[in-house]
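Asks: Right, I'll just put the structure down here and ask away after.
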Amino acid sequence: MALIVQKYGGTSVRDAERVMNVARRVTEAYKAGNNVIVVVSAQGDTTDDLIEKAAEINPRASKREMDMLLATGEQISISLLAMAIERLGCPVISLTGWQAGFRTDSKYSNARIKTIDTERINMEIDRRRIVVVAGFQGINRYDDITTLGRGGSDTSAVAIAAALHADVCEIYTDVDGVYTADPRICKNAYKLDDISYEEMLELASLGANVLHNRSVEMAKKYSVKLSVRSSLNTNEGTYVKEVSKVEKMLVRGVTRDNDCARISLCGVENTPGKAFQVFDMIAKSGISVDLIIQSIGNGKTKDISFTVAESQLDIALKLLEEHNSVINAEKITSEKDVSKVSIVGAGMVNNSGVAAGMFEALYDAHINIKMIATSEIKISVLVDQKDAERAVSAIHDKFLSK
Ligand code: ADP
Ligand code: ASP
Ligand code: MG
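Shown next as structure tokens:
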């Protein structure tokens, strides 16, 4: 008898028919003799709809109240799925995040799981019930509801699998597994049989939202056997594990992230300590900086450009303008319509030709590169957002065409 954690995303439970489909899959695993814990997300676009509803009333609603609202989406899903499983004649119980013992820190809208008190889940499993748990939510030390960040149900599932030492954690979604690029934007993308935790973590962090990046981080930390597969067929999915067979593939995936904006400080005094002043100030206000470039400086001045998440652009600009008497930039400019396009692959370590190949693919597609960043297993470039999807396909076909 195995202990299986299954997670079904929003599209997999979007309507009654899909909920019944999930119920059938869950009961099949249960009737085969396994103990089954199911984590579900809010149905279809529910979370987005709730965000819109809130914005109609108060576009600057506090994060605490937003979490209170957004957590209701998952609560609808768990009750409906439990009803569907009841209908199929299997013993089942639904649990909200807090009933399931999820304790988090207090960072509303982006909380981290601190502990899971597994007593209740274990008790239900011992009674041979299927346990349906609401993803994406927990409670903090004040017993207030928190959510784990968009896409966070994956992390709920992996966290339960880690806490209960489950035999496997299966993430069911609307694609057959992890692809070499988002199959919705790159027609030649294909499914990978396996991928290492490290590569998947980079891909997820760089915009491949098929898995929440923290879920991968946690799976790696606790060696959770993770598979990504479709809720609509029985195809073999993708295994995310310690070491993948590299198949001599330099590059494993291409991804893009539209959630970025560029800020440029032009004509900054060319003296020591300027970068420190700028980035220290930005960091102290809790804004994360991503790509950075600094020009070599023509005599008296230099330019510093960097990217931040689009949602943080206005705060960052306000901060820089308020403190420009210290920084003394001649001009501060910004740009929102940019995207970060990245390639990831453990095989890239020490292979100097990869960057050149990526730039060549962009050149051939007449796409201008605005910024570049490299690390051991990834290379990212900033391009105009209108070019991003073409860039993904061009780079994909350069490195990953079959
Ligand atoms: P769920 O609701 O099941 O959590 P998500 O929408 O969060 O589903 O994630 C699945 C989506 O991730 C796919 O529909 C696909 O468009 C997108 N995606 C982005 N990059 C990749 C990739 N490399 N492989 C597979 N899917 C990807
Ligand atoms: N419902 C949440 C979201 O849309 C969590 C998730 O789907 O994983 O972000
Ligand atoms: Mg998701």
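Reminder that position 83 of the sequence shown reads as 86 in the numbering used here, one-by-one numbering, no gaps.
Glycine included, C-beta positions come from ideal geometry on N, C-alpha and C.
#1: Which runs of the alpha helix (DSSP H), 4 residues or longer, sit entirely within the stretch 120 to 186?
#2: Starting from the C-beta of Ser295, find all residues in its chain whose C-beta is less than 7 Å away, skip the five residues before and the five after it, and write them out in chain order.
#3: So which residues put a beta carbon under 5 Å from any heavy atom of ligand 3, going in chain order?
#4: Is Phe279 near ligand 2, in the sense that its beta carbon is under 7 Å from a heavy atom of that ligand?
#5: Leaving aside the five residues before and after Gly348 along the sequence, list all residues of the same chain whose C-beta is less than 7 Å from its C-beta, in chain order.
#6: For the stretch 62 to 117, list the alpha helix (DSSP H) runs that are entirely contained and at least 4 residues long, ordered along the chain.
#7: Please classify Glu205: is it buried, with 16 or more other beta-carbons within 10 angstroms of its beta-carbon, or exposed?
#8: Looking at Tyr193 and Tyr182, is the spacing between their C-beta atoms short of 8 Å?
#9: Please work out which residues of its chain come closer than 6 Å, Cβ to Cβ, to Ser234, disregarding the five sequence neighbours upstream and downstream, and give them in chain order.
#10: Taking 8 Å as the cut-off, decide whether the C-beta atoms of Ala184 and Val395 are in contact.
#11: Does ligand 1 have even one heavy atom less than 7 Å from the beta-carbon of Leu206?
#12: Starting from Gly256, follow its DSSP beta bridges and name the residues at the other end.
#13: Checking 8 Å against the spacing of the C-beta atoms, do Lys343 and Leu316 come in under that value?
#14: Just to confirm, does Tyr182 get its C-beta within under 7 Å of one of the non-hydrogen atoms of ligand 1?
#15: Kindly provide the ranges of any beta strand (DSSP E) runs that are 3 or more residues long and lie completely inside the stretch 296 to 364, ordered along the chain.
#16: Rounded to whole angstroms, what's the CA-CA distance from Asn236 to Ser291? Just pull it up for me.
#17: Looking at ligand 2, does it come within less than 7 Å of Thr149, judged from the CB to the closest heavy atom?
#18: Would Ile119 and Phe105 be called neighbours here (beta carbons separated by less than 8 Å)?
#19: Roughly how many angstroms separate the alpha carbons of Ala332 and Asn371, rounded to a whole number?
#20: Which whole-angstrom value describes the C-beta separation of Leu320 and Ile335, a residue pair presumed to lie in contact below a C-beta threshold of 8 Å?
#21: At which residues does the alpha helix (DSSP H) containing Arg27 begin and terminate?
#22: With a Cβ-Cβ cutoff of 8 Å, do Val281 and Ala222 count as a contact?
#23: Whose CA, out of Ala114, Arg123, Thr158 and Ala85, lies closest to the CA of Thr407?
#24: Compute the beta-carbon to beta-carbon distance between Val22 and Leu83, rounded to the nearest angstrom, for a pair I have assumed lies under 8 Å.
#25: Using the C-alpha atoms, what's the distance from Ala45 back to Glu20?
#26: Could you spell out where the beta strand (DSSP E) holding Leu385 opens and where it closes?
#27: Just verifying my parser: in three-state terms, what is the DSSP assignment at Ile370?
#28: Out of Gly100, Asp108, Trp101 and Val95, point me to the one whose CA is closest to Asp129's CA.
#29: Thr304 to Glu313, Cα distance in whole Å?
#30: Do you know how far the Cα of Asp367 is from the Cα of Ile398?
#31: Would you call Glu325 buried or exposed, if buried means 16 or more other Cβ atoms sit within 10 Å of its Cβ?
#32: Between Arg144 and Arg67, what straight-line distance do the alpha-carbon atoms span, to the nearest angstrom?
#33: Any heavy atom of ligand 2 inside 7 Å of the beta-carbon of Gly76?
Replies: By the coordinates alone:
#1: Counting whole runs of 4 or more residues, the stretch 120 to 186 contains the alpha helix (DSSP H) stretches 122 to 129 and 156 to 166.
#2: As a working mapping, residue 295 is identified with position 292 in the sequence shown. The sequence given here has Ile at residue 295, not Ser. Around Ile295: Phe309.
#3: This selection yields Gly12 and Gly154.
#4: In the sequence shown, residue 279 corresponds to position 276, counting from 1. Incorrect: Phe279 has no Cβ contact closer than 7 Å to ligand 2.
#5: Reading the sequence shown from its first residue, position 345 is the one you call residue 348. Contacts found: Glu202, Met252, Leu253, Val254, Arg255 and Ile380.
#6: Runs found: 66 to 90.
#7: Position 202 of the sequence shown, counted from the first residue, corresponds to residue 205. For Glu205, the number of other beta carbons within 10 angstroms of its own is at least 16, and it is reported as buried.
#8: Indexing the sequence shown from 1 puts residue 182 at position 179. Indexing the sequence shown from 1 puts residue 193 at position 190. Taking 8 Å as the Cβ cut-off, Tyr182 and Tyr193 qualify as a contacting pair.
#9: In the sequence shown, the residue the question calls residue 234 occupies position 231. If we look at Ser234 and ignore the five residues flanking it on each side, its Cβ neighbours are Tyr11, Ser15 and Tyr175.
#10: Position 181 of the sequence shown, counted from the start, is the residue given in the question as residue 184. Position 392 of the sequence shown, counted from the start, is the residue given in the question as residue 395. Yes. Within cutoff.
#11: Locating residue 206 in the sequence shown gives position 203, counting from the first residue. Taking the Cβ of Leu206 as the reference point, at least one heavy atom of ligand 1 falls within a distance shorter than 7 Å.
#12: To locate residue 256, count along the sequence shown from 1; it is residue 253. Beta bridge pairing from DSSP links Gly256 with Val347.
#13: For the purposes of this step, residue 343 is taken as the residue at position 340 of the sequence shown. For the purposes of this step, residue 316 is taken as the residue at position 313 of the sequence shown. No, the Cβ-Cβ distance between Lys343 and Leu316 is not below 8 Å.
#14: Mapped onto the sequence shown, residue 182 falls at position 179. Yes.
#15: For the stretch 296 to 364, whole beta strand (DSSP E) runs of length 3 or above, ordered along the chain, are 304 to 311 and 334 to 347.
#16: Taking the first residue of the sequence shown as 1, we reach residue 236 at position 233. Taking the first residue of the sequence shown as 1, we reach residue 291 at position 288. Rounded to whole angstroms, the gap between the alpha carbons of Asn236 and Ser291 is 40 Å.
#17: Within the sequence shown, residue 149 is the residue found at index 146, counting from 1. Of the heavy atoms belonging to ligand 2, none sits nearer than 7 Å to the Cβ of Thr149.
#18: Counted from its first residue, the sequence shown places residue 119 at position 116. Counted from its first residue, the sequence shown places residue 105 at position 102. Against a cut-off of 8 Å, the Cβ pair of Phe105 and Ile119 comes out as a contact.
#19: Locating residue 332 in the sequence shown gives position 329, where the first residue counts as 1. Locating residue 371 in the sequence shown gives position 368, where the first residue counts as 1. C-alpha of Ala332 to C-alpha of Asn371: approximately 26 Å in a straight line.
#20: Stepping through the sequence shown from its first residue, residue 320 is reached at position 317. Stepping through the sequence shown from its first residue, residue 335 is reached at position 332. The pair is a contact, with the Cβ atoms about 7 Å apart (cut-off 8 Å).
#21: Along the sequence shown, one-based indexing puts residue 27 at 24. Here the alpha helix (DSSP H) through Arg27 covers Ala19 to Lys34.
#22: What you label residue 281 is simply residue 278 of the sequence shown in a count that begins at 1. What you label residue 222 is simply residue 219 of the sequence shown in a count that begins at 1. Going by C-beta atoms, Val281 is not nearer than 8 Å to Ala222.
#23: Residue numbering for the chain in the displayed model covers 4 to 405; residue 407 lies beyond these limits and cannot be assessed.
#24: Working through the sequence shown from its first residue, we reach residue 22 at position 19. Working through the sequence shown from its first residue, we reach residue 83 at position 80. Contact between Val22 and Leu83 is confirmed by a C-beta separation of about 5 Å, below the 8 Å threshold.
#25: What you label residue 20 is simply residue 17 of the sequence shown in a count that begins at 1. What you label residue 45 is simply residue 42 of the sequence shown in a count that begins at 1. The straight-line gap from Cα to Cα measures roughly 15 Å.
#26: To locate residue 385, count along the sequence shown from 1; it is residue 382. First-last of the beta strand (DSSP E) with Leu385: Lys381 to Asp387.
#27: On the sequence shown, position 367 is the one that residue 370 refers to. Reduced to three states, the DSSP call for Ile370 is coil.
#28: The count along the sequence shown starts at 1 and reaches residue 129 at position 126. The candidate whose alpha carbon is nearest that of Asp129 is Val95.
#29: By one-based count along the sequence shown, residue 304 stands at place 301. By one-based count along the sequence shown, residue 313 stands at place 310. For Thr304 and Glu313, the distance between alpha carbons rounds to 27 Å.
#30: Walking along the sequence shown from the start, residue 398 turns up at place 395. Walking along the sequence shown from the start, residue 367 turns up at place 364. Straight-line Cα distance between these residues: approximately 10 Å.
#31: Looking up residue 325 in the sequence shown gives position 322. Glu325 comes out exposed.
#32: As a working note, residue 144 is residue 141 in the sequence shown. As a working note, residue 67 is residue 64 in the sequence shown. Taking the straight line from one Cα to the other gives about 13 Å.
#33: In the sequence shown, residue 76 corresponds to position 73, counting from 1. Yes; taking the cut-off as 7 Å, the Cβ of Gly76 has a heavy atom of ligand 2 nearer than that.
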